[in-house]
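See structure below.
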Amino acid sequence: MGPLYGRAILEWPLLLASATVFGTAFFAIVVGDQDGLPRDAMVCAVAPVWRMAAVAIAVISPFVLLGITAEMAGTSLRSAVALVPEVMAQTHAGEVWRTFLPVAAILVFAVLLPMSAWTRILAVCACAALLIFLEALAGHAIDKGPVAVAIDFVHEAAAGTWIGALIAFRMTAHRTAPPPLWVEKAARKVSTTAAWSVAAIAISGSFSAYQELGLDLYRLLYSTYGRTLVIKVVVFCVVLSIAAYNRERLMPEVSKADVQSTLLRNVGFESLILGLAVMGLASLLGNTPPATGHMMMHSHAVADRPVAHHAEMHLEPIKSK
Numbered sequence: 188m189g190p191l192y193g194r195a196i197l198e199w200p201l202l203l204a205s206a207t208v209f210g211t212a213f214f215a216i217v218v219g220d221q222d223g224l225p226r227d228a229m230v231c232a233v234a235p236v237w238r239m240a241a242v243a244i245a246v247i248s249p250f251v252l253l254g255i256t257a258e259m260a261g262t263s264l265r266s267a268v269a270l271v272p273e274v275m276a277q278t279h280a281g282e283v284w285r286t287f288l289p290v291a292a293i294l295v296f297a298v299l300l301p302m303s304a305w306t307r308i309l310a311v312c313a314c315a316a317l318l319i320f321l322e323a324l325a326g327h328a329i330d331k332g333p334v335a336v337a338i339d340f341v342h343e344a345a346a347g348t349w350i351g352a353l354i355a356f357r358m359t360a361h362r363t364a365p366p367p368l369w370v371e372k373a374a375r376k377v378s379t380t381a382a383w384s385v386a387a388i389a390i391s392g393s394f395s396a397y398q399e400l401g402l403d404l405y406r407l408l409y410s411t412y413g414r415t416l417v418i419k420v421v422v423f424c425v426v427l428s429i430a431a432y433n434r435e436r437l438m439p440e441v442s443k444a445d446v447q448s449t450l451l452r453n454v455g456f457e458s459l460i461l462g463l464a465v466m467g468l469a470s471l472l473g474n475t476p477p478a479t480g481h482m483m484m485h486s487h488a489v490a491d492r493p494v495a496h497h498a499e500m501h502l503e504p505i506k507s508k
């Protein structure tokens, strides 16, 4: 398994966990106390997701850092262990991870320590948002400046908002048995949240794609980056079709019990495809060399190039020590 796929496999659960925690916490803020279901009940419903995701982030993060170090130094994972302190001290990636790891630890405390529901929601949401921003700061976008980083953050945060709203809505409906009126109103908020999220994803994704590919159809069709992007867009459209069906066919009659049942089932499929397929492809795309210049899919430049972002991160001095 090449470095490209190894990093993607490691970073996919990290990205998914951060996005899910952010989105579920944000939805808890948006919905709040309403129609006979207190905010505390929603927090209890999604708390298992927060705990699992926070632990996953804390456990996976060191391995992702180790993988980054190994790729930057061009060495094995075992040999990279000794280089981690120098990477942390001397590179942009290390600077990002010096912040990422403590924030991941704070997130664990935020989901485990006793505190009020409102305090927990705010703490969890803030930590997850910062983790998403740091992931954007460590990706391809940093090569193109702060605007690109901000766009990348918006893209991932919007995806997390969509996924989180779906998961929080479904888990709350199944674990707390809320009144039908709550399901109806919450479903409308999920629909609105998804619509805004899709708009943000489409705009930010188009910006990022243009930066990486320009208007070059050849790069889109024949580079690894372009083909991965095409697959991601196709899968995204599948998810969008489910969301459109829910919004246009089910939402007008969402007050009916049988329609609510169908909606909850569809929401489960929607969140599953978003989390497994779309976020997985997003992770793969984030670890794919940009399709610029001569770096096409068939060229040795792409095949042999380590996935080490940022030209300033030279580790030859570290390797020679």
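Count the sequence shown with the working numbering and you get residues 188 to 508, in order. No residue lacks a Cβ here, since even glycine has one placed at the ideal position from N, Cα and C.
Closest Cα partner of residue i within the set the options
{"i": "Leu-427", "options": "Pro-365, Val-385, Thr-306, Pro-235", "result": "Val-385"}
{"i": "Glu-258", "options": "Leu-270, Trp-237, Ser-395", "result": "Leu-270"}
{"i": "Tyr-432", "options": "His-361, Ala-360, Val-446", "result": "Val-446"}
{"i": "Ile-390", "options": "Val-421, His-327, Asp-339", "result": "Asp-339"}
{"i": "Ile-244", "options": "Leu-224, Thr-286, Val-295", "result": "Val-295"}
{"i": "Met-466", "options": "Glu-343, Ile-429, Lys-443, Val-421", "result": "Glu-343"}
{"i": "Phe-320", "options": "Leu-472, Asn-453, Leu-202, Ser-395", "result": "Leu-202"}
{"i": "Val-233", "options": "Val-341, Ala-360, Glu-322", "result": "Ala-360"}
{"i": "Gln-398", "options": "Ala-241, Trp-383, Leu-416, Thr-278", "result": "Leu-416"}
{"i": "Trp-383", "options": "Leu-288, Ile-418, Ser-410, Trp-349", "result": "Trp-349"}
{"i": "Leu-224", "options": "Ala-381, Leu-264, Trp-369", "result": "Trp-369"}
{"i": "Phe-456", "options": "Arg-436, Val-425, Ala-444", "result": "Val-425"}
{"i": "Pro-333", "options": "Ser-410, Tyr-409, Ser-395", "result": "Ser-395"}
Beta-carbon gap between residue i and residue j smaller than 8 angstroms
{"i": "Leu-318", "j": "Val-336", "result": "no"}
{"i": "Ala-387", "j": "Ala-345", "result": "yes"}
{"i": "Glu-198", "j": "Ser-470", "result": "yes"}
{"i": "Arg-434", "j": "Ser-378", "result": "yes"}
{"i": "Pro-200", "j": "Ile-255", "result": "no"}
{"i": "Glu-371", "j": "Ser-458", "result": "no"}
{"i": "Val-535", "j": "Leu-353", "result": "Coverage of the chain is limited to positions 188 through 508, which leaves residue 535 absent and any answer about it impossible."}
{"i": "Cys-314", "j": "Ile-293", "result": "yes"}
{"i": "Val-468", "j": "Lys-419", "result": "Reading off the sequence, residue 468 comes out as Leu, not Val. Going by C-beta atoms, Leu-468 is nearer than 8 angstroms to Lys-419."}
{"i": "Met-358", "j": "Val-242", "result": "no"}
8 angstroms CB neighbourhood of residue i in its chain, flanking five on each side removed
{"i": "Thr-351", "result": "The displayed chain sequence assigns Gly, not Thr, to residue 351. Cβ within range, chain order: Ala-206, Thr-207, Val-208, Phe-209, Gly-210, Thr-211, Ala-212, Phe-213, Phe-214."}
{"i": "Ser-266", "result": "Ala-257, Ala-260"}
{"i": "Arg-238", "result": "Val-298, Leu-299"}
{"i": "Leu-264", "result": "Leu-253, Gly-254, Ala-257"}
Cα-Cα separation, residue i to residue j
{"i": "Arg-516", "j": "Gly-413", "result": "Absent from the structure is residue 516, since the part of the chain shown begins at 188 and ends at 508."}
{"i": "Thr-449", "j": "Leu-463", "result": "21 angstroms"}
{"i": "Ala-228", "j": "Val-298", "result": "15 angstroms"}
{"i": "Ile-429", "j": "Ile-196", "result": "26 angstroms"}
{"i": "Ala-204", "j": "Leu-252", "result": "17 angstroms"}
{"i": "Glu-503", "j": "Thr-475", "result": "A caution first: Glu-503 carries a pLDDT of 42, below 50, which makes its placement in the model unreliable, though a value can still be read off. When rounded, the distance between both Cα atoms is 22 angstroms."}
{"i": "Leu-309", "j": "Val-230", "result": "11 angstroms"}
{"i": "Asp-330", "j": "Ala-323", "result": "11 angstroms"}
{"i": "Gln-277", "j": "Val-268", "result": "15 angstroms"}
{"i": "Phe-250", "j": "Ala-328", "result": "22 angstroms"}
{"i": "Thr-262", "j": "Val-341", "result": "34 angstroms"}
{"i": "Leu-437", "j": "Gly-401", "result": "39 angstroms"}
{"i": "Gly-480", "j": "Leu-408", "result": "Model confidence at Gly-480 stands at a pLDDT of 45, short of 50, so the residue's coordinates are unreliable; what they give is reported in the following sentence. If you take the alpha carbons of Gly-480 and Leu-408, they lie about 14 angstroms apart."}
Neighbourhood of residue i by C-beta distance below 7 angstroms, restricted to the same chain and skipping five residues each side
{"i": "Ala-325", "result": "Ala-280, Val-283"}
{"i": "Lys-376", "result": "Val-217, Val-218"}
{"i": "Ser-486", "result": "Unreliable placement is indicated for Ser-486, whose pLDDT of 34 sits below 50; no coordinate value is reported for it."}
{"i": "Arg-285", "result": "Met-275"}
{"i": "Ala-373", "result": "Val-218, Phe-356"}
{"i": "Leu-404", "result": "none"}
{"i": "Ala-381", "result": "Trp-349, Ala-352, Ala-430"}
{"i": "Leu-451", "result": "Arg-357, Ala-360"}
{"i": "Leu-288", "result": "Ser-248"}
{"i": "Pro-301", "result": "none"}
{"i": "Ala-444", "result": "Pro-367"}
Close-in-space but distant-in-sequence residues of the same chain around residue i (CB under 6 angstroms, 5 per side omitted)
{"i": "Ala-355", "result": "Thr-211, Phe-214, Val-233"}
{"i": "Gly-473", "result": "Gly-326"}
{"i": "Ala-240", "result": "Ala-204, Thr-207, Val-208"}
{"i": "Glu-440", "result": "Val-446"}
{"i": "Phe-347", "result": "According to the sequence shown, residue 347 is Gly rather than Phe. The residues are Ala-206, Phe-209, Gly-210."}
beta-carbon residue i near the ligand FAD non-hydrogen atom, thresh 7 angstroms
{"i": "Glu-371", "result": "Absence of the ligand FAD from the depicted structure is noted, as is the absence of any ligand whatsoever, leaving it without description."}
Validate contact between the region 352 to 366 and the region 302 to 309 using beta carbons, cut 8 angstroms, 3 pairs:
Touching, no.
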